[in-house]
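Asker: After the structure tokens below, expect a handful of questions from me.
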Amino acid sequence: MFKDPEWQANTFAGVLLAPPDLIRGLSPFEISAKCGVSYSVAEIQLKNL
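Residue numbering for the sequence shown follows this note's numbering, starting at 1228 and increasing by one per position.
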């Protein structure tokens, strides 16, 4: 899994656009609005915390 370039790119982008320290405690809707990412990206980032 860690060698998959698509996974690496998505993980990097997620951390760059919605850093864990910035989104902790927020809802997906709040993350989407605050970080300018889609709702689905916000949900994925929360799941990966």
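All residues carry an ideal CB built from backbone N, CA and C; glycine is no exception.
1) What is the DSSP secondary structure of residue 1231, reduced to helix, strand or coil?
2) Along the chain, where does the alpha helix (DSSP H) containing residue 1247 start, and where does it finish?
3) On the CB-based measure, 16 or more other CB atoms within 10 Å of its CB, does residue 1241 come out buried or exposed?
4) For residue 1264 versus residue 1245, is the C-beta distance shorter than 7 angstroms?
Answerer: If we stick to the structure as given:
1) Within the sequence shown, numbered from 1, the residue matching residue 1231 stands at position 4. DSSP places residue 1231 in coil when its eight states are reduced to three.
2) Here residue 1247 corresponds to residue number 20 of the sequence shown, with the count starting at 1. From DSSP, the alpha helix (DSSP H) with residue 1247 extends over 1247–1250.
3) Sequence index remark: in the sequence shown, residue 1241 carries index 14 (1-based). So residue 1241 counts as buried.
4) Within the sequence shown, numbered from 1, the residue matching residue 1264 stands at position 37. Within the sequence shown, numbered from 1, the residue matching residue 1245 stands at position 18. Taking 7 angstroms as the Cβ cut-off, residue 1264 and residue 1245 qualify as a contacting pair.
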